[in-house]
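S.K.: In this note's numbering, the protein residues as written are 84 to 566.
What follows is a structure written as structure tokens; I'll ask about it next.
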């Protein structure tokens with residue numbers, strides 16, 4: 084590194100998905116010196132994930148929406164790298180952020196895949212968090228069996244490898260995301276036995292005004308309908324998987340019809356056999372741990388997720404910290420790109436968003452809120468659980484242990500539940516079970532703020548991602564090697 088490159092950056096961007104790419108480009112094109120830190124090995128994020136460019140140098144973007152937007156952002160991103168105004172650090176995770184006395188952000192880094200990283204620490208005057216999110220999961224009997232995956236995990240596997248993790252699939256949960264997952268499976272040659280959507284499409288009727296503001300979503304829906312018809316994919320509404328069946332791996336699922344509250348309709352149960360992969364998706368969990376560690380204000384979004392508060396310039400309640408994409412609420416790639424542009428420009432020079440961009444963000448936020456209300460997590464999802472259903476798979480904590488800790492020991496939030504039962508103490512640190520544990524812990528309480536407090540306790544992590552004790556022990560000695 085040159086002497087010039089060892090000075091602090093003007094703007095650091097976490098994530099290189101739709102929001103991160105847009106933020107980085109916006110900041111760099113306004114003269115800011117930018118560093119982008121991303122856990123992946125190439126830009127695109129989960130939404131534009133594609134095969135390794137060392138294998139396929141010029142991906143065609145088959146199966147991707149908004150690929151032209153990606154190509155435009157990627158071209159500008161690469162151009163900024165070539166001029167030296169943007170420094171890109173792939174395979175890099177931020178495990179902690181601190182503030183220096185002058186207010187500058189200090190980002191502690193660790194490799195994402197256990198290899199080496201270019202530098203252990205970066206400093207920046209402004210920070211844009213575009214950390215994205217991951218599939219929200221709900222426990223049910225048999226979900227620990229091999230062959231059970233997150234719906235997004237199936238899609239990521241296909242996009243990254245160009246092949247399938249199995250042959251016959253059931254995709255279940257709620258929300259429009261189930262549609263592209265099933266379409267990707269069919270396009271890759273897999274058989275989708277059924278898509279089980281817990282909600283009814285009539286839930287959209289009160290929200291047609293919000294839906295009409297984003298007509299592109301209707302076109303996407305029509306595209307998926309054609310794919311489902313072509314491949315004869317059965318789309319079952321008001322239907323849930325009640326349990327996954329199998330000995331050493333998933334071989335079948337039991338499904339049932341549910342009412343508006345998610346309660347099973349007696350006599351509607353049936354078995355879908357000859358299934359080897361089951362994909363679940365109940366929305367997404369935003370990755371807000373780093374922003375929360377800095378003190379960013381949070382709120383509960385329409386889908387029940389804990390998200391960070393941002394104003395019209397994508398500024399958080401922490402001076403110098405800007406937010407874009409899923410961390411402000413799950414709303415799709417178009418919204419993430421728009422917020423990314425605003426956040427990057429704001430971080431670079433305090434620029435106000437264009438009126439057209441502000442209106443685009445408002446329309447997509449309205450649509451996102453409508454989507455969450457039309458596809459809620461079923462109120463009575465926990466009625467599917469048996470005493471021995473694992474809630475925390477990492478630590479093998481059962482539903483019976485969780486309910487005992489809540490009802491007998493008073494563990495009415497996720498943090499207390501963690502102390503009594505070890506939920507969230509495993510490798511994932513509660514990322515998989517955190518939402519479910521929060522819901523189960525707060526069940527029966529009348530405090531409307533209980534869920535917010537419980538989810539906040541899950542998000543507060545001094546160490547945001549796994550790292551070795553060796554990295555912590557050498558923290559001080561690493562200071563002279565900052566970028």
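We put the beta carbon where it would ideally sit given N, CA and C, even for glycine.
Indicate whether the contact test is met: 3 or more Cβ pairs, each with one atom in the region 411–418 and one in the region 379–389, closer than 8 Å.
M.R.: Yes, since at least three Cβ pairs between the region 411–418 and the region 379–389 fall closer than 8 Å, the two stretches touch.
S.K.: Can you give me the C-alpha to C-alpha distance between residue 153 and residue 353, rounded to a whole angstrom?
M.R.: 43 Å
S.K.: In the DSSP assignment, find the alpha helix (DSSP H) that holds residue 445 and state where it starts and stops.
M.R.: 438–457
S.K.: Which stretch, first to last residue, makes up the beta strand (DSSP E) that contains residue 145?
M.R.: Element bounds for residue 145: n/a, residue is neither H nor E.
S.K.: Enumerate in chain order the residues of its own chain whose CB-to-CB distance from residue 195 is below 7 Å, with the five nearest sequence positions on each side excluded.
M.R.: If you ignore the 5 residues before and after residue 195, its C-beta comes within less than 7 Å of the C-beta of 122, 174, 175 and 176, all in its own chain and listed in chain order.
S.K.: For residue 469, write down the residues that DSSP places opposite it in a beta bridge.
M.R.: Residue pairing of residue 469 in beta bridges, as defined by DSSP: absent, with no partner found.
S.K.: Go through its chain and collect everything with a Cβ distance to residue 542's Cβ below 7 Å, but skip five positions before and after it.
M.R.: Contacts found: 371, 372, 375 and 389.
S.K.: Output the distance between the C-alpha atoms of residue 241 and residue 249, rounded to the nearest integer angstrom.
M.R.: Residue 241 and residue 249: Cα-Cα distance of roughly 10 Å.
S.K.: Can you tell me whether residue 267 is buried or exposed, with buried defined as 16 or more other CB within 10 angstroms of its CB?
M.R.: buried
S.K.: Does residue 331 come out as helix, strand or coil in the three-state DSSP assignment?
M.R.: coil
S.K.: Please confirm whether residue 433 and residue 110 have their CB atoms less than 8 Å apart.
M.R.: For residue 433 and residue 110, no; Cβs fall outside 8 Å.
S.K.: Between the region 124–144 and the region 441–453, do three or more beta carbon pairs fall short of 8 Å?
M.R.: no
S.K.: Using a Cβ-Cβ cutoff of less than 6 Å, which residues in the same chain neighbour residue 510 once the five nearest sequence positions on both sides are dropped?
M.R.: Excluding residues up to 5 positions away in sequence, 477 lie with their Cβ nearer than 6 Å to the Cβ of residue 510 in the same chain.
S.K.: When we look at the beta-carbon of residue 501 and count the other beta-carbons within 10 Å, is it buried (16 or more) or exposed?
M.R.: buried
S.K.: Looking at the C-beta of residue 120, does it have a partner C-beta in chain E at a distance below 8 Å?
M.R.: The chain inventory of the structure shown lacks chain E, comprising one protein chain alone.
S.K.: What does DSSP give as the partner residue(s) for residue 170 in the beta ladder?
M.R.: 118
S.K.: Beta carbon of residue 161, beta carbon of residue 187: below 8 Å?
M.R.: no
S.K.: Going straight from the alpha carbon of residue 540 to that of residue 315, what length do you get?
M.R.: Taking C-alpha positions only, residue 540 is separated from residue 315 by approximately 44 Å.
S.K.: Measuring CA to CA, which of 449, 191 and 227 is closest to residue 332?
M.R.: Residue 227 is the option with its Cα nearest to residue 332.
S.K.: Can you list, in chain order, the residues of its chain with a C-beta nearer than 7 Å to that of residue 519? Leave out the 5 residues immediately preceding and following it.
M.R.: 221, 222 and 474
S.K.: If you reduce the DSSP assignment to three classes, tell me which class residue 571 lands in.
M.R.: Residue 571 lies beyond the range of the chain shown here (84 to 566); nothing can be said about it.
S.K.: In or out: residue 229 buried (at least 16 other Cβ within 10 Å) or exposed?
M.R.: exposed
S.K.: Do residue 415 and residue 258 count as a contact pair if the criterion is CB distance below 8 Å?
M.R.: no
S.K.: Quick one: what does DSSP say residue 477 is sitting in, helix, strand or coil?
M.R.: coil
S.K.: What residues in its chain sit with their C-beta under 6 Å from that of residue 255, if we drop five residues either side in the sequence?
M.R.: 279, 324 and 363
S.K.: Would you give the residue range spanned by the beta strand (DSSP E) that residue 254 belongs to?
M.R.: 251–256
S.K.: What residues in its chain sit with their C-beta under 8 Å from that of residue 565, if we drop five residues either side in the sequence?
M.R.: Because residue 565 sits at a pLDDT of 44, beneath the cut-off of 50, its placement in the model cannot be relied upon, and the following sentence gives the value as read from the coordinates. Take residue 565, set aside five residues on each side of it, and the residues of its chain with a beta-carbon closer than 8 Å to its own are 89, 202, 203, 204, 205 and 206, in chain order.
S.K.: Report yes if the C-beta distance between residue 156 and residue 105 is below 8 Å; otherwise report no.
M.R.: yes
S.K.: Could you spell out the range, first to last residue, of the alpha helix (DSSP H) harbouring residue 501?
M.R.: 497–504
S.K.: From the DSSP secondary-structure annotation, give me the bridge partner or partners of residue 182.
M.R.: 188
S.K.: Grouping DSSP H, G and I as helix and E and B as strand, with all else coil, what is residue 355?
M.R.: Residue 355: strand per DSSP, three-state reduction.
S.K.: Residues in its own chain within less than 8 Å of residue 469 by CB, not counting five upstream and five downstream?
M.R.: 224 and 482
S.K.: CA-CA distance, residue 150 and residue 116?
M.R.: 27 Å
S.K.: When you compare each of 181, 97 and 146 to residue 377 by their alpha carbons, which one comes out closest?
M.R.: Comparing Cα positions, the closest option is 181.
S.K.: When the distance is taken between beta carbons, is residue 252 closer than 8 Å to residue 273?
M.R.: yes
S.K.: Would you list the one or two residues that DSSP bridges to residue 391?
M.R.: 381, per the DSSP bridge assignment.
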